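Report on the structure given below.
Numbering (UniProt numbering), first residue to last: 1 to 96.
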């Protein structure tokens, strides 16, 4: 029986990314995964022989940075929409 490591790593990355996104509480909320995996990163430095643990920790770091980047983009877009207000020119031509 042959196990494809790249396929196994891809599945691990995907499951960790989905967990990180699912644990995000709203756009301005706390990211609960950071609390859960805050100690997780320290464990990887203590146990250098745990290859998959290190790979999982790196995948979590990358996923969380991507989630933070997307959240920042969304916050900027929301702030610009609030600042610019609704576009009301088209409503002036409507019949009342």
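Each residue gets a CB set at the ideal place from its N, CA and C atoms; glycine is no exception.
Only a predicted model underlies this, so the values are computations on that prediction, with no experimental measurement involved.
Alpha carbon to alpha carbon, how far is residue j from residue i? Give it in angstroms, no decimals.
{"i": "residue 72", "j": "residue 65", "result": "10 Å"}
{"i": "residue 63", "j": "residue 81", "result": "27 Å"}
{"i": "residue 78", "j": "residue 85", "result": "10 Å"}
{"i": "residue 92", "j": "residue 58", "result": "54 Å"}
Using CA atoms only, rank isn't needed, just tell me which of the options is closest to residue i.
{"i": "residue 16", "options": "7, 55, 60", "result": "60"}
Who are the near neighbours of residue i in its chain, counting only those whose CB is closer than 6 Å to its CB and skipping five residues on each side?
{"i": "residue 76", "result": "none"}
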